[in-house]
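Novice:
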Amino acid sequence: MGTSTLVDGHDKDDGFGISGNIIPTRHEPFVAIYVRVADPQGTLAEVVQRGGRVLRGVTDTPGQATTALFADPEGNIIGLVKA
918 MGTSTLVDGH DKDDGFGISG NIIPTRHEPF VAIYVRVADP QGTLAEVVQR GGRVLRGVTD
978 TPGQATTALF ADPEGNIIGL VKA
């Protein structure tokens, strides 16, 4: 399976940004683009209303981030990070 690789997305000047991981899996590979939102749960509700589907509900990782994953109606995978 290999190891994961951390991608540091933080801007060196202002410290803002979203970091990520490249993680080998046994499943089909995919790319997820993450966007910052104020209300991940509310955003997921709107996604479902507009025809998308939740892949992973809101998950709080203490000391790191609050995230979620969804697929849009065309199957593109998009991640959410609480701002």
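Going by the numbering used here, the sequence shown opens with residue 918, and the numbers climb by one from there. Glycine residues also receive a C-beta, built at the ideal position from the N, C-alpha and C atoms.
Excluding sequence positions up to five away, which residues of its chain have a Cβ less than 6 Å from the Cβ of A955?
Specialist: Residue 955 sits at position 38 when you count from the first residue of the sequence shown. Counting only Cβ-Cβ distances below 6 Å, and skipping sequence neighbours, we find A1000.
Novice: Start and end of the alpha helix (DSSP H) containing V964?
Specialist: Counting from one through the sequence shown, the residue named residue 964 turns up at place 47. Counting along the chain, the alpha helix (DSSP H) containing V964 begins and ends at P957 to Q966.
Novice: Could you give the first and the last residue of the continuous beta strand (DSSP E) run that contains R970?
Specialist: Taking the sequence shown and counting its residues from 1, the one referred to as residue 970 is at position 53. First-last of the beta strand (DSSP E) with R970: R970 to T978.
Novice: Closer than 6 Å by C-beta to D977: which residues in its own chain qualify, once you throw out the five before and the five after it? Chain order, please.
Specialist: Numbered from 1 along the sequence shown, position 60 holds the residue referred to as residue 977. So the list reads T983, once near-sequence residues are dropped.
Novice: Can you give the beta carbon distance from I994 to L961, rounded, assuming they're within the 8 Å contact cut?
Specialist: For this step, residue 994 is matched to residue 77 along the sequence shown. For this step, residue 961 is matched to residue 44 along the sequence shown. Contact doesn't hold; Cβ gap of about 13 Å is too wide.
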